[in-house]
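Each residue of the sequence shown is one higher than the last, beginning at -14 in our numbering.
Don't be surprised by glycine CBs; every beta carbon is placed ideally from N, CA and C.
Quick caveat: nothing in here was measured; it's all calculated off a predicted structure.
This report concerns only the one structure given below.
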Amino acid sequence: MFSHNKRLQYTVRVSEPNPALASLLLEQFGGPDGELAAAMRYFTQGLAEEDPGRKDLLLDIATEELSHLEVIGSIVAMLNKGAKGDLAEAALEEAELYRSLTAGGNSHTQTILYGGGPALTNSSGVPWTAAYIDSRGDPTCDLRSNIAAESRAKIVYERLIAITDDPGIKDALGFLMTREIAHQKSFEKALYAIDDNFPPGRLAGMPEFDSLYINLSTGPGDVDGPWNSGPEWERLDGDEAMQPLDGGEGTAKVSLPPSQLETLKALATRTASDPDSDPMTGAELGSADAE
Ligand code: MN
Ligand code: MN
């Protein structure tokens, strides 16, 4: 069960209203790498998790992400507070109100449509979607995805910190960014706490292909590194890279029942192209050279 603690996880001190900045910060409220996406990602994974350690970790972090949602949403609400009142009470001259709402980004939508409250959209106003969550129900897949999600969230916070000079907002965003670093660390530890974590799943790969690097790009610019060369790797270069890897013909076949074979032949006959034809086309008729 959930219980709400009225205090925020980190104190929010916003110097002055700024609707344009508020709309940019929505990226971390309802965007793909935002806090709602993070909370839902770990909450749904946690509910289905079998391992007691990972279940505990996922639900702790999911709950913390909701606390982050509350912090970032509170910053947005503070930044919009002035505009919200001005619009609700029509406190300014029309032109002045218009100017204050259209200061940048989608700040006017945030005020006119959402009344200055934090909306579950990204910074361009695109509604939040469950399609942001890419869990697959396999712990090694999902932990790797969580590690990537935390690193993305960290970078987006870094960018948001770069666009504001409000010290209170910088401080709170710095806290939220730092927590994503801690989460990335926990998820990495949890991944490597699974003894057999690579490759994901139960089946081993085919040994002749699972450490094979295929150099399929031609032209200058080939670079060797530990990702494609060295004792871990076999390599195929040049013409060798262009062969069917099973040693077969590289064709696609299927055995069809005779009735389906007949139908396909009829289709092929009916739609056969005549290489000797030279039909007049509409394009030619419409061209200046047409007779
Ligand atoms: Mn977070
Ligand atoms: Mn996180």
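Going by DSSP, which residues form a beta bridge with residue i?
| i | result |
| --- | --- |
| Pro112 | Thr106 |
In the DSSP assignment, the beta strand (DSSP E) including residue i goes from what residue to what residue?
| i | result |
| --- | --- |
| Glu173 | Run containing Glu173: none in the beta strand (DSSP E); it sits in the alpha helix (DSSP H), 152 to 177. |
| Ile199 | 197 to 199 |
If you follow the alpha helix (DSSP H) that residue i is part of, which residue opens it and which one closes it?
| i | result |
| --- | --- |
| Tyr324 | What is shown of the chain runs -14 to 276, which leaves residue 324 out entirely. |
| Lys250 | 243 to 255 |
| Leu11 | Taken as a continuous stretch (DSSP letters only), Leu11 belongs to no alpha helix (DSSP H), as it is neither H nor E. |
| Gly186 | Premise fails: Gly186 is in no alpha helix (DSSP H) and is neither H nor E. |
| Ala268 | 267 to 271 |
By the three-class DSSP mapping on this structure, what secondary structure does residue i have?
| i | result |
| --- | --- |
| Glu55 | helix |
| Arg144 | helix |
| His93 | helix |
| Arg(-2) | coil |
| Glu135 | helix |
| Thr125 | helix |
| Leu279 | Because the chain spans -14 through 276 in this model, residue 279 falls outside it and cannot be assessed. |
| Ser130 | helix |
| Tyr99 | coil |
Please determine, among the options, the residue with the shortest C-alpha to C-alpha distance to residue i.
| i | options | result |
| --- | --- | --- |
| Thr203 | Arg121, Thr266, Tyr27, Ala226 | Ala226 |
| Trp113 | Ser136, Asp36, Ala24 | Ala24 |
| Ile57 | His93, Tyr99, Leu6, Asp36 | Leu6 |
| Glu219 | Gly100, Ser196, Ala189 | Ser196 |
| Ala115 | Glu20, Leu270, Gly70, Leu176 | Glu20 |
| Ile97 | Arg187, Leu72, Ser108, Leu77 | Leu72 |
| Gly286 | Pro2, Lys40, Val61, Glu78 | Here the chain comprises residues numbered -14 to 276, so residue 286 is not present and cannot be evaluated. |
| Leu176 | Leu158, Asp207, Asn131, Ala147 | Asn131 |
| Gly16 | Ile118, Pro124, Glu34 | Ile118 |
| Gly31 | Asp45, Met(-14), Asn(-10) | Asp45 |
| Ala138 | Leu10, Leu(-7), Ser272, Gln(-6) | Leu10 |
| Gly223 | Pro260, Leu42, Gly233, Asp207 | Asp207 |
| Glu135 | Leu43, Phe(-13), Thr(-4) | Leu43 |
| Arg(-8) | His168, Thr149, Ser59 | Ser59 |
| Lys66 | Ser8, Gly110, Phe14 | Ser8 |
| Pro124 | Ala147, Ile199, Asp209, Gly38 | Gly38 |
| Gly90 | Thr29, Val111, Glu81 | Val111 |
| Tyr(-5) | Ala88, Glu49, Phe28, Thr256 | Glu49 |
| Phe183 | Asp127, Ile166, Glu81, Phe160 | Asp127 |
| Pro192 | Glu217, Ala22, Asp209, Asn200 | Glu217 |
| Ala133 | Ser108, Ile166, Arg144 | Ile166 |
Would the beta-carbon of residue i be found less than 7 Å away from any heavy atom of ligand 4?
| i | result |
| --- | --- |
| Ala138 | Among the ligands modelled here, namely ligand 1 and ligand 2, ligand 4 does not occur. |
Of all the alpha helix (DSSP H) runs that stay within the bounds of the region 13 to 80, which reach a length of 4 or more residues?
20 to 33, 37 to 73
What runs of the beta strand (DSSP E), each 3 residues or longer, lie entirely inside the region 198 to 241?
219 to 221
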